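Protein chains in written order, with the working numbering: chain A, 52 to 142; chain B, 827 to 1138. Don't be surprised by glycine CBs; every beta carbon is placed ideally from N, CA and C. Since we're looking at a predicted model, the values are computed, not measured. Below: the structure, in structure tokens.
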Amino acid sequence: MDNDEILAAIKALLVERLKFDATRAAMVTPDTTLPKGIDGSLGLDSLDFIELAMGIEERCGVVVDEQEDLAPHFKSVGSLVDFIAARQVGR
Amino acid sequence: MTDPSLAPSAAASLTGVGTEAGAPPRWYSHTYNRPTLYRLAASMAWLPRPARLAFARAVGQAARRLVPAERAVVRSTLEIMTGATGARLDELTAGVFRDFAMCFSDLVTTNRQPPRRLIAHVSQAQGAERLAGLTGGMISLTAHVGNWEMAGRLLAHRSARTTHVVVAEEEVRALERWVRRDGDGVRFVARTAPTVSLQLVAALRRGEVVAVQGDRALGTRGDTLVPFFGRPAPFPRGPFVLARALRVPLVPAFCMLGPDYRYSVTVPAPLTVEPGDEDDALRTWVGLLEATIRRHPTQWFNFFDIWNPLRA
Chain A
52 MDNDEILAAI
62 KALLVERLKF
72 DATRAAMVTP
82 DTTLPKGIDG
92 SLGLDSLDFI
102 ELAMGIEERC
112 GVVVDEQEDL
122 APHFKSVGSL
132 VDFIAARQVG
142 R
Chain B
827 MTDPSLAPSA
837 AASLTGVGTE
847 AGAPPRWYSH
857 TYNRPTLYRL
867 AASMAWLPRP
877 ARLAFARAVG
887 QAARRLVPAE
897 RAVVRSTLEI
907 MTGATGARLD
917 ELTAGVFRDF
927 AMCFSDLVTT
937 NRQPPRRLIA
947 HVSQAQGAER
957 LAGLTGGMIS
967 LTAHVGNWEM
977 AGRLLAHRSA
987 RTTHVVVAEE
997 EVRALERWVR
1007 RDGDGVRFVA
1017 RTAPTVSLQL
1027 VAALRRGEVV
1037 AVQGDRALGT
1047 RGDTLVPFFG
1057 RPAPFPRGPF
1067 VLARALRVPL
1077 VPAFCMLGPD
1087 YRYSVTVPAP
1097 LTVEPGDEDD
1107 ALRTWVGLLE
1117 ATIRRHPTQW
1127 FNFFDIWNPL
1137 RA
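Printed below as a string of structure tokens:
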């Protein structure tokens, strides 16, 4: 998957697994932040991140099993796209 | 699993269940949740355990007079849980403070011993053999009853895998060294950000253990009302969502102090959560918790109104 395809996959996950409105998901850009507590973010809570991680595993074939802190990779849509792309290359 | 503090007593409006808007409960803000008390309790470690527990019982009886609001909550909770009244209810109320003091004393002394020595304080371990058949990731589910921290440490030792213990963000930083001591395969993970769940996903994917407390609502949309002693009470749904998503079993565990001052560890049958069955699994867990409390009503160590916990 290239970065555009990964971005499209994330938008689809937002709608299908996290039950976001399709219009809102369509407006997501790489700069869109994810966790709640950040102004202008999508406001994802801990349960959302579980669903998002599982969706990424299923849709992108990337297993989320790192020892390192994953929070920076899930801070924004762009950082998440980079994370998934790097993991796919590394497989 | 290691937050033995009393809960705040101030009553105000109910902030709501199942929303993200309400302020989270502040379990750690009690006046008596001070490092001095932990240090004092830990300083008794030199005493032989029978003498230390006798001292703890005396302190527990004295301490209950210092916390009238919590004493009133404990009394009303026990009235609902047991149906007791009058002198019997007074006796049970005193018993909560007595048993809490003993378990608290063990928390900061006995629990610090290596697991092989902890076993000497366990009279029976019913169902612990179930762990042998669980090879991948799993979620250990406990509650603020008895000596939950010892249950976690024993299970971590038994499972021979790193156990990630999920705890609330400690408001009193100086307490962390007393209640959140990493080691013996146990690692504490504070709920400081929503992304903390990713650490748990990754740990379970690596085949490790995640330990959570399943009795305190978080003031988030994950809270779900479940009948508890006949009345709806909010319980956290998160562990069941995690178990379903990762397809890992939930392993309930209780560690209760017996009349001989030794602990009995009980590990009921693991719970598996199919998609859409999160609420059913949560109700099963609450049923197990309720049955445990019926047998040990003086070891329910939540000093707040469990049916309306988000008053702040």
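Residue i in three-state terms, based on DSSP
i: B:TYR864; result: helix
i: A:MET78; result: coil
i: B:HIS1122; result: coil
i: B:SER985; result: helix
i: B:ALA951; result: strand
i: A:SER92; result: coil
i: B:ARG979; result: helix
i: B:GLY848; result: Low confidence applies to B:GLY848: its pLDDT is 44, below 50, so where it sits in the model is not reliable, and the reading given next is rough at best. Note: B:GLY848 maps to coil in three-state DSSP.
i: A:MET52; result: coil
i: A:ALA59; result: helix
i: B:PRO940; result: coil
i: B:ALA946; result: helix
i: B:ASP1131; result: coil
i: B:ALA871; result: helix
i: B:PRO1060; result: strand
i: A:VAL113; result: coil
i: A:PRO123; result: helix
i: B:ARG1042; result: coil
i: A:ALA72; result: According to the sequence provided, residue 72 of chain A is Asp. The question's Ala does not apply to it. In the structure shown, A:ASP72 sits in coil (DSSP, three-state: anything other than H, G, I, E or B).
i: B:LEU1051; result: strand
i: B:LEU960; result: coil
i: A:LEU85; result: coil
i: A:LEU65; result: helix
i: B:LEU1142; result: Chain B is shown from 827 up to 1138; residue 1142 of chain B falls before or after that span and cannot be answered.
i: A:ILE135; result: helix
For residue i, the first and last residue of its enclosing beta strand (DSSP E)
i: B:ASP932; result: Looking at the DSSP string, B:ASP932 is not in any beta strand (DSSP E); the run it does join, the alpha helix (DSSP H), is 912-933.
i: B:ILE965; result: 964-968
i: B:ALA1037; result: 1035-1039
i: B:THR1141; result: Residue 1141 of chain B cannot be examined here, being either before or after the span of chain B that is shown, 827 to 1138.
Per-residue burial, residue i [other beta carbons within 10 Å of its own, 16 or more giving buried]
i: B:TRP1126; result: buried
i: B:ALA1029; result: buried
i: B:ASN1128; result: buried
i: B:LEU892; result: exposed
i: A:ASP82; result: exposed
i: B:ALA833; result: Confidence is the limiting factor: at B:ALA833 the pLDDT is only 31, short of 50, which leaves the residue's position unreliable, though a coordinate-based value still follows. Answer is buried; the Cβ neighbour count reaches 16.
i: A:MET78; result: exposed
i: B:GLY1040; result: buried
i: B:ALA913; result: exposed
i: A:SER97; result: buried
i: B:TRP1111; result: buried
i: B:TRP853; result: Since pLDDT at B:TRP853 reaches only 47, below the 50 mark, its modelled position is unreliable, and the value read off the structure follows with that caveat. B:TRP853 is buried by the Cβ-count criterion.
i: A:ILE89; result: exposed
i: B:SER869; result: exposed
i: B:GLU955; result: exposed
i: A:ASN54; result: exposed
i: A:LEU65; result: buried
i: B:ALA836; result: In this prediction, B:ALA836 has a pLDDT of 26, which is less than 50 and means its spatial position is unreliable; nothing more can be read from the coordinates.
i: B:TRP974; result: buried
i: B:GLU917; result: exposed
i: B:GLU1034; result: buried
i: B:GLU896; result: buried
i: B:PRO1058; result: exposed
i: B:THR1118; result: buried
i: B:GLY909; result: exposed
i: A:LYS70; result: exposed
i: B:ARG1070; result: buried
i: B:GLY963; result: buried
Residue i: first and last residue of the uninterrupted alpha helix (DSSP H) it sits in
i: B:PRO876; result: 875-889
i: B:PRO1065; result: 1064-1072
i: B:GLN1025; result: 1022-1031
i: B:ARG901; result: 894-908
The ligand GDP heavy atom lying under 8 Å from the CB of residue i
i: B:ASN937; result: With respect to small molecules bound, the structure shown includes none, and the ligand GDP cannot be examined in it.
Do the region 950-969 of chain B and the region 1071-1080 of chain B meet, that is, are 3 or more Cβ pairs less than 8 Å apart? yes
For the 8 Å Cβ check, are there 3 or more pairs between the region 1083-1099 of chain B and the region 1043-1060 of chain B? no
Entirely enclosed beta strand (DSSP E) segments - the region 1079-1125 of chain B, minimum 3 residues: The beta strand (DSSP E) runs lying completely inside the region 1079-1125 of chain B and spanning 3 residues or more are 1080-1083 and 1089-1092, given in chain order.
The region 882-893 of chain B touching the region 919-926 of chain B, judged by at least three CB pairs closer than 8 Å: Short answer: they touch.
Pairing CB atoms from the region 95-107 of chain A with CB atoms from the region 1019-1027 of chain B, are three or more of them under 8 Å? yes
Given 8 Å as the limit, is there contact between the region 108-115 of chain A and the region 87-98 of chain A, that is, 3 or more CB pairs closer than that? no
Counting Cβ pairs closer than 8 Å, one from the region 1060-1069 of chain B and one from the region 1100-1115 of chain B, do we hit at least three? Proximity of the region 1060-1069 of chain B to the region 1100-1115 of chain B meets the contact definition, three or more beta-carbon pairs being nearer than 8 Å.
Would the region 1087-1096 of chain B and the region 947-954 of chain B be scored as touching if the rule is three or more Cβ pairs under 8 Å? yes
At least three beta-carbon pairs within less than 8 Å, the region 931-945 of chain B to the region 893-905 of chain B: no
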